[in-house]
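Structure first, then comments.
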Amino acid sequence: MFKALATLALLASAGLAAAQAPGTRSYANPIDLDYRYNFEQLNEGISYRTGADPVFVRFGDAYYLFQTLADGYWRSPNLLDWQFVTPSRWPFESIVAPAVVADGDRLVIMQSAFEPRPLLQTRDPASGQLDFLTRLLPKLPRAQPIGTEMKGRPLSDVPPGPWDPDLFIDDDGQWYLYWGSSDRYPLYGIAMDRSAQGVAFRGVPTPLLALEPAQHGWERFGPDHRGARFPDGSPIGSFLEGAWMTKTGGRYYLQYGAPGSEYNAYANGVYVGEHPLGPFVYAPYNPVAYKPGGFMQGAGHGSTFQDAHGNWWNSGTAWIGANWTFERRIVLFPAAFAADGQMRVSTRFGDFPHWMPDGPVADPEALFTGWMLLSYRKPATASSTLDGFAADRATDEDPRSYWVAARNAPGETLTVDLGGERNVRAVQVNFADYRAGRYGDAPDIYTAFRLQHSRDGRHWLPLAEVGDGADRRDRPNAYLQLPASVRTRYIRYVHGHVGAAHLAISDLRVFGNADGAPPPAPTGVVARREADRRNARVHWQAVPGAVGYNVRWGLRADRLTLTYQVFADRGTDLELRALNVDQDYVFAVEAFDERGVSPLSAPIAVP
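Here the sequence shown stands for residues -19 to -1, 1 to 588, where the numbers follow mature numbering (1 follows the signal peptide of the UniProt record, and there is no 0).
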């Protein structure tokens, strides 16, 4: 339970401001879930919480979230408050990258597999009661045996599967399966029919799309698409995975994740067609969901869905990688489809607070609250520190660095000095796993803490409290919207409980606004294509007092749909390596500080 402590006078002023916003409650990425501890590295002693490959499905009057290796799923009435559901049956090895589809009467669940496995179904997902739709799927036509797909077989062969599946039901009731996860093979699709035994495949798998990193810069593997190598020095290829089909406006949008879940460049792209099995055409505005900068980096392999108001959303996987390569979190971004068919996902300020809309919203960017980051690189002090894990690591906007207390004991504190009085609207406490020693769920894995604030650093007042009720749960990324703006300078975390062996916090993020006008638009913006047309260099003049910049680009000046966030202390020059070779672009830059966001610079067309 989250208990906000504020005065009634401030509550009244907050209600007036909220009435002018598209919603009354907000969220911030990563999604505030009780992420589960992974068991895969138990024998290596590597402990971490994780969440990846999300599937959001609306069913009845609720939303359901399925993900990799959770031993269950979550239910929410509003996309904000999530309750874990323990299922009546689940594979012993758990489920990786599941496919989930609603057929009107039930949810159908398919796990990733290299050989035939069951299909699960439920007509009452809130209860957790799952039954078999079929005890065993038929073998994929033409699929090769496990372990043979890398032994020199031609690409015309179909690898074992389906891994990373997606189930789609067309308007005429026809079922389709899409799948694929490989640095070598394409994504596939096949029609499915219901049978007395459950389901049957119709025909043979159809190759639908493959990566072309030589043409599409964003499909190159590695940090900022700069490549990476195996320990033996051989290059790591790009991975194609995470199929997801969306139909809207008479078009079929086959989405995919690339170039790999590691690093900051994981993104979602899309091919568009007029038939569920293609042919599909590469969208020139790709990638559609891309977030290489900021606190939560990465947006690939997720799902696209509509909420109860008809608004579109795109979910994805953000990368942490502090303990293990595949330590990750779930992110959720507003999306839209233009009248001409262009798919758009807004990751601008994608890990700052956004409104959860109470009704239809035409522009996804309208959901940004305007609450700015107040804690970046601000001084931090702690009651104790273990080894070199200093308190200032909790304000660096890096989930791979963290403060660790010398003792995991109630009363330990972490204090951030905002540098002056600010109007604070929300706080996000992001815990880290430092030698956590946990590999599964347990009753003592929950989060409890208090937040305090002070205007002078001596006299402290309560701000919020977590974990004080019967609904206590683990909250490794606890986001707390205050019921009203609080004028203050210091924010203090007071420890209660975490289920890990150590108290570790990667970032204590504070949001709100400083007094004054937003910064002016950046000037001196220059954008040039490099000899490798997959890359462009963007440079601009520094804006005094800026906390950071958003480099924005797209196909038209009024459709700058892609954003790379850069903090001001990292310079005013950026090499973008995510461009399509045969596409012209328009670039612009905006500055932001604690007061707000500048106007965009004059757009620059770059052929």
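Cβ atoms here follow ideal geometry from the backbone N, Cα and C, with glycine treated the same way.
From a predicted model like this one, the values you see are computed outputs, not experimental measurements.
Please report how far the alpha carbon of residue i lies from the alpha carbon of residue j, in whole angstroms.
{"i": "R358", "j": "G340", "result": "36 Å"}
{"i": "A495", "j": "Y566", "result": "34 Å"}
{"i": "M226", "j": "Q236", "result": "6 Å"}
{"i": "G526", "j": "M353", "result": "14 Å"}
{"i": "L168", "j": "D213", "result": "28 Å"}
{"i": "G26", "j": "A224", "result": "32 Å"}
{"i": "A502", "j": "W521", "result": "10 Å"}
{"i": "F149", "j": "R533", "result": "33 Å"}
{"i": "G322", "j": "D147", "result": "22 Å"}
{"i": "Q409", "j": "A512", "result": "42 Å"}
{"i": "P360", "j": "Y54", "result": "39 Å"}
{"i": "A583", "j": "P204", "result": "29 Å"}
{"i": "R123", "j": "P143", "result": "12 Å"}
{"i": "I217", "j": "D164", "result": "9 Å"}
{"i": "V447", "j": "F430", "result": "5 Å"}
{"i": "Y415", "j": "T553", "result": "34 Å"}
{"i": "residue 594", "j": "P334", "result": "With the chain covering -19 to 588 only, the question about residue 594 has no answer from this structure."}
{"i": "P580", "j": "T229", "result": "33 Å"}
{"i": "M324", "j": "A239", "result": "17 Å"}
{"i": "Y266", "j": "E222", "result": "19 Å"}
{"i": "P72", "j": "L111", "result": "12 Å"}
Between which residues of its own chain and residue i is the CB-CB distance below 6 Å, once the five residues before and five after are set aside?
{"i": "A413", "result": "Y383, A485, S487"}
{"i": "F548", "result": "G529"}
{"i": "G241", "result": "F202, F220"}
{"i": "S75", "result": "L50, D52"}
{"i": "Q462", "result": "S7, A407"}
{"i": "L355", "result": "L399, R403, V491, G493, E575"}
{"i": "R436", "result": "T469, R470"}
{"i": "L233", "result": "As written in the sequence, residue 233 is Tyr, which differs from the Leu given in the question. Closer than 6 Å at the Cβ level, and outside the excluded window around Y233, lie G254, P257."}
{"i": "N561", "result": "H197"}
{"i": "V38", "result": "Y45, V81, A83"}
{"i": "A572", "result": "P500, P503, V524, A527, Y530, S579"}
What would DSSP say about residue i, mapped onto helix, strand or coil?
{"i": "N292", "result": "coil"}
{"i": "W521", "result": "coil"}
{"i": "W199", "result": "helix"}
{"i": "L114", "result": "strand"}
{"i": "S137", "result": "coil"}
{"i": "T(-13)", "result": "Note that T(-13) has pLDDT 39, beneath the 50 cutoff, so the model's placement of it is unreliable and no number is given."}
{"i": "D147", "result": "strand"}
{"i": "P204", "result": "helix"}
{"i": "A583", "result": "coil"}
{"i": "P126", "result": "coil"}
{"i": "P106", "result": "helix"}
{"i": "F318", "result": "strand"}
{"i": "A239", "result": "strand"}
{"i": "L560", "result": "coil"}
{"i": "V421", "result": "For clarity, residue 421 is Gly in the given sequence; the question names Val instead. Here G421 sits in coil by DSSP."}
{"i": "H434", "result": "strand"}
{"i": "G230", "result": "coil"}
{"i": "G218", "result": "coil"}
{"i": "W441", "result": "coil"}
Can you list, in chain order, the residues of its chain whose CB lies under 7 Å from that of residue i, leaving out five sequence neighbours each side?
{"i": "P97", "result": "L117, L118, P119, K120"}
{"i": "T328", "result": "A270, Y271, K272, A280, F314, T544"}
{"i": "N295", "result": "N249, A270, G283, T285, F314, A316, V326"}
{"i": "E556", "result": "N516, R518"}
{"i": "R104", "result": "D86, R87"}
{"i": "P260", "result": "G254"}
{"i": "M337", "result": "G4, R6, S7, Y8, N59, L60, L61"}
{"i": "A372", "result": "A361, T362, A363, T366, W384, L395"}
I'd like the list of long-range same chain contacts for residue i, defined as Cβ closer than 8 Å, with 5 residues on each side in sequence excluded.
{"i": "L100", "result": "V89, I90, M91, F113, L114, T115, L118, G179, V180"}
{"i": "V587", "result": "A508, R509, R510, A517, D565, Y566, V567, F568"}
{"i": "A209", "result": "F202, G203, P216, I217, E243, Y244"}
{"i": "I585", "result": "V506, V507, A508, V567, F568, A569"}
{"i": "G401", "result": "R470, A495"}
How about residue i: is its C-beta nearer than 8 Å to some C-beta of chain B?
{"i": "D332", "result": "The chain labelled as chain B is not found in the depicted structure, where only one protein chain is given."}
Are the segment 173 to 184 and the segment 192 to 207 touching by the rule of at least three beta carbon pairs closer than 8 Å? Verdict: no, contact absent.
For the segment 300 to 312 and the segment 242 to 261, state whether three or more C-beta atom pairs, one from each stretch, are separated by less than 8 Å. yes
I'd like to know if the segment 30 to 46 and the segment 4 to 22 are in contact, where contact means that at least 3 CB-CB pairs between them fall below 8 Å. yes
Can you give, in chain order, each stretch of the beta strand (DSSP E) that sits fully within the segment 3 to 89 and has at least 3 residues? 6 to 8, 36 to 40, 43 to 47, 54 to 57, 64 to 66, 80 to 83
Where in the segment 466 to 550 do unbroken runs of the beta strand (DSSP E), each at least 3 residues long, occur, reported from the N-terminal end onward? 485 to 494, 507 to 510, 517 to 520, 529 to 535, 543 to 548
Is the segment 453 to 468 touching the segment 386 to 396 in the sense that three or more CB pairs, one from each, lie closer than 8 Å? no
Runs of beta strand (DSSP E) wholly within the segment 164 to 195 (minimum 3 residues, chain order): 168 to 176, 179 to 190
With a floor of 3 residues, list each beta strand (DSSP E) that falls wholly inside the segment 333 to 405, ordered by position along the chain. 335 to 337, 361 to 363
Length-filtered (3 minimum) beta strand (DSSP E) runs lying within the segment 255 to 306: 261 to 263, 278 to 281, 285 to 287, 293 to 300
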